[in-house]
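Residue numbers (the working numbering), protein chains in the order written: chain A, 6 to 221; chain B, 590 to 1010. Each residue gets a CB set at the ideal place from its N, CA and C atoms; glycine is no exception. Report on the structure given below.
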Amino acid sequence: MSTPRVVIVDDHALFRDGVRSRLAGEVEVAGEAGTVAEAIALIRKVRPDVVLLDVHMPAGGGLAVVSALAPELPEVGFLALSVSDAPEDVIELVHAGARGYVTKTIEPGELADAVRRVAAGDAVFSPRLAGFVLDAFAGDATLPLAQVDPELASLTPREREVLHLIARGYLYKEVGLELAISPKTVEHHVSAVLRKLQLSNRHQLSRWAAERRLVD
Amino acid sequence: MTRVGDRNGGLALGLLIVGAGMVLILDRAGALTLAWDLAGALVTLVAGVGLLTVAPASRAQYVGTLARITRDRGNLWALRAATVATAPLAGLGPAVYGLLTLRQALAPEPPAGDQPDGRRSAGTGLVGLSVVLAADAAGLTLGSDALLWGVLGGSAGLSLYWWGAKPMREGGRVAFLLLSGAVLLWLATVSIASSQGAGGTSVVVPAVAGAVLALLVLGPRWTRTQRELAAEREERARTMERSELAEKVHDSVLQTLALIQSRADDPAEVKALARSQERDLRERLFGERTEGPASVGTALRAVAAEVEDAYRVKVEVVIVGDAELDEPTAALVAAAREALANAAKHAGGAPVSLFAEINERQASAFVRDRGPGFDLEAVPADRRGVRDSIVARMVRHGGHAAVRTAPGGGCEVRLVQERRR
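Below you can see the structure in the form of structure tokens.
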């Protein structure tokens, strides 16, 4: 596979430098942006494979960038990077079209791996995100998702198993080993979950996330 | 007639009403014998149309419910038409319109650029009033004169009251005072005249006029004071919150940065400091710290934090669901702590994962490390950590524990505790 072209979007130059040096040699950094407006213009111009996107920025944050560009540039993959573990931030971004979410403390090797996976059109679930999704799609029929759309609300048993293992800290290939399926099949399940998340009702989802945060 | 923001418009309106009041007084005093009500209707109509022409139509003319209704231009004209058409029904239309525009005056502080233009409201109101006057002159109004003047006077008074409660510019203040004076004068004339008609002046009339005057002049000031007091309180609370945050930042972040500088030669120590600081800030910013009864989730986060600090290793915590801490789940937390400590010792610096899922049926926790792994059977009998602290503890509380080497190396401890329903 060719080296993915990446745009780094973060309002802190220090952090952009850090990401750049962590990804050195693994990806091609096609540009950096420090504001939402800059990011939108830059991404339209350079059409990268992957955008590494900070969740929290002034003027709308990562959500504004994804909402503006995801429908128009379906070939660009957005990977959210955040220090925030608030589920409403993360879930909203994924819902808007981001293909995954990782925390900023991610190991350098794993970050490059995540970028490559997004470039290949796959989804990237950190253990945290897997945990959020398991919570949102819990089998409990009283949860909002189940009431809105039973089809979307239900994860297949296999999807649930996969998410469970990811939440337990398993890498995709370890999930594959554990369940005796190929890593490609693991990707397939994760992408299916991502799609369900993106198709589900946004309002219900964010309300759920906000409520969860209150009781967390 | 809630706000006349423009100085000239306000003055013109005030003078017009004062003039109308004078004409009214002269007429009542018998000095004039005009068809004054028709003339009044004509003057009011001209004034209303004039105001509507002068004031630019602005999108921000209405706020709240009115804004939703009038977003559609068709609705806007329907509203105006209804206001005018229902005017003969004891002045109902203009009165309702006046009260609806009150909502705009009541909105605490609409954002700049969203200020409704009072001249247009006043203009529409005057056009409505002219229809009322004309209808009254032609004897077409439904309901008695007293009802008509009551409705009109009441809504005008309320409008004035709320107008006075808003902070306003110089021109607006002058217009407000003139308008209040004119309305009072008019009310007094009408009531004196009607009480004379009913036979003799009573003391009730000046008393009522005085009360209305006091209300119009003092009421708005009182309302505004209350509002300003509330704003001040809010500002004070915000300031306090800010200084509290600054204090916290000082206590935690700055202290830690100072510590990090003094320990710069010990990378492990620096990492540990940064980690504990990150955790602390995260709790503050994202509200992961829970107050109230201890929950399984918070207890697990707390033990993970302890292990992070004690063993200088990162623990990735993911918790799904939660429940109140009870005796069996407390045993689970204690066992998880032991498993985390074990993992931290063997992980060789690699991050340790703690995943817990708590639902109505069971609570389970998984502690995974990426160390070399070990064989439970091969652990010497004198090594009590795993057997006693983890397995035996779980069994004693009706749960169970299993240790296995995870795929890809490392080790995973699985703790399961059934919960009473």
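Residue i versus residue j: straight-line alpha-carbon distance, rounded
{"i": "residue 182 of chain A", "j": "residue 110 of chain A", "result": "26 Å"}
{"i": "residue 119 of chain A", "j": "residue 53 of chain A", "result": "15 Å"}
{"i": "residue 717 of chain B", "j": "residue 815 of chain B", "result": "34 Å"}
{"i": "residue 17 of chain A", "j": "residue 39 of chain A", "result": "7 Å"}
{"i": "residue 75 of chain A", "j": "residue 11 of chain A", "result": "16 Å"}
{"i": "residue 178 of chain A", "j": "residue 115 of chain A", "result": "13 Å"}
{"i": "residue 56 of chain A", "j": "residue 136 of chain A", "result": "24 Å"}
{"i": "residue 1002 of chain B", "j": "residue 25 of chain A", "result": "36 Å"}
{"i": "residue 169 of chain A", "j": "residue 942 of chain B", "result": "13 Å"}
{"i": "residue 139 of chain A", "j": "residue 848 of chain B", "result": "39 Å"}
{"i": "residue 66 of chain A", "j": "residue 915 of chain B", "result": "41 Å"}
{"i": "residue 648 of chain B", "j": "residue 661 of chain B", "result": "Any reading at residue 648 of chain B needs caution, since the residue's pLDDT is 48, under 50, leaving its predicted position unreliable; the model's value is listed next. About 11 Å."}
{"i": "residue 924 of chain B", "j": "residue 991 of chain B", "result": "12 Å"}
{"i": "residue 958 of chain B", "j": "residue 901 of chain B", "result": "14 Å"}
{"i": "residue 832 of chain B", "j": "residue 867 of chain B", "result": "21 Å"}
{"i": "residue 112 of chain A", "j": "residue 890 of chain B", "result": "21 Å"}
{"i": "residue 940 of chain B", "j": "residue 933 of chain B", "result": "8 Å"}
{"i": "residue 950 of chain B", "j": "residue 988 of chain B", "result": "12 Å"}
{"i": "residue 98 of chain A", "j": "residue 907 of chain B", "result": "19 Å"}
{"i": "residue 151 of chain A", "j": "residue 197 of chain A", "result": "Per-residue confidence for residue 151 of chain A stands at a pLDDT of 46, beneath the threshold of 50, marking its modelled position as unreliable; the derived number appears in the next sentence. Using only the alpha carbons, I get a separation of about 17 Å."}
{"i": "residue 668 of chain B", "j": "residue 770 of chain B", "result": "30 Å"}
{"i": "residue 127 of chain A", "j": "residue 84 of chain A", "result": "11 Å"}
{"i": "residue 670 of chain B", "j": "residue 713 of chain B", "result": "10 Å"}
{"i": "residue 641 of chain B", "j": "residue 824 of chain B", "result": "39 Å"}
{"i": "residue 663 of chain B", "j": "residue 94 of chain A", "result": "41 Å"}
{"i": "residue 830 of chain B", "j": "residue 167 of chain A", "result": "43 Å"}
{"i": "residue 948 of chain B", "j": "residue 886 of chain B", "result": "12 Å"}
First through last residue of the beta strand (DSSP E) which encompasses residue i
{"i": "residue 908 of chain B", "result": "904–909"}
{"i": "residue 958 of chain B", "result": "951–958"}
{"i": "residue 38 of chain A", "result": "33–38"}
{"i": "residue 118 of chain A", "result": "Premise fails: residue 118 of chain A lies in the alpha helix (DSSP H), 113–124, not in any beta strand (DSSP E)."}
{"i": "residue 988 of chain B", "result": "988–994"}
{"i": "residue 106 of chain A", "result": "105–108"}
{"i": "residue 938 of chain B", "result": "It is not in any beta strand (DSSP E) - residue 938 of chain B carries neither H nor E in the DSSP assignment."}
{"i": "residue 10 of chain A", "result": "10–14"}
{"i": "residue 898 of chain B", "result": "That residue, residue 898 of chain B, is in no beta strand (DSSP E); its alpha helix (DSSP H) goes 885–900."}
{"i": "residue 1003 of chain B", "result": "1000–1007"}
{"i": "residue 57 of chain A", "result": "55–59"}
Residue i, enclosing alpha helix (DSSP H) - first and last residue
{"i": "residue 22 of chain A", "result": "18–27"}
{"i": "residue 137 of chain A", "result": "132–141"}
{"i": "residue 82 of chain A", "result": "Taken as a continuous stretch (DSSP letters only), residue 82 of chain A belongs to no alpha helix (DSSP H), being part of the beta strand (DSSP E) at 82–87."}
{"i": "residue 204 of chain A", "result": "188–204"}
{"i": "residue 983 of chain B", "result": "982–985"}
Chain B contact residues for residue i, given Cβ-Cβ distances below 9 Å
{"i": "residue 85 of chain A", "result": "Residues of chain B passing the Cβ test: none, with the nearest at roughly 15 Å."}
Residue i classed as buried or exposed, judged by whether at least 16 other C-beta atoms fall within 10 angstroms
{"i": "residue 49 of chain A", "result": "exposed"}
{"i": "residue 938 of chain B", "result": "exposed"}
{"i": "residue 122 of chain A", "result": "buried"}
{"i": "residue 30 of chain A", "result": "exposed"}
{"i": "residue 195 of chain A", "result": "buried"}
{"i": "residue 131 of chain A", "result": "buried"}
{"i": "residue 931 of chain B", "result": "buried"}
{"i": "residue 834 of chain B", "result": "exposed"}
{"i": "residue 719 of chain B", "result": "buried"}
{"i": "residue 1006 of chain B", "result": "buried"}
{"i": "residue 926 of chain B", "result": "buried"}
{"i": "residue 201 of chain A", "result": "buried"}
{"i": "residue 33 of chain A", "result": "exposed"}
{"i": "residue 192 of chain A", "result": "buried"}
{"i": "residue 189 of chain A", "result": "exposed"}
{"i": "residue 579 of chain B", "result": "Residue coverage of chain B in this structure runs from 590 to 1010, which leaves residue 579 of chain B outside it and unanswerable."}
{"i": "residue 576 of chain B", "result": "The structure shown does not extend to residue 576 of chain B, since chain B is modelled only from 590 to 1010, so the question has no answer here."}
{"i": "residue 843 of chain B", "result": "exposed"}
Residue i: contacting residues in chain B (beta-carbon distance under 7 Å)
{"i": "residue 140 of chain A", "result": "909, 910"}
Under 9 Å from the C-beta of residue i: neighbouring residues of chain A
{"i": "residue 769 of chain B", "result": "The premise fails here: residue 769 of chain B is roughly 46 Å from chain A at the closest Cβ pair, so nothing lies under 9 Å."}
{"i": "residue 957 of chain B", "result": "173, 174, 175"}
C-beta neighbour in chain E for residue i, strict 8 Å
{"i": "residue 916 of chain B", "result": "No chain E is part of this structure, whose protein chains are labelled A and B."}
Proximal residues of chain A, C-beta to C-beta of residue i below 7 Å
{"i": "residue 905 of chain B", "result": "132, 174"}
Contact list for residue i against chain B, beta-carbon separation under 8 Å
{"i": "residue 136 of chain A", "result": "907, 908, 909, 944"}
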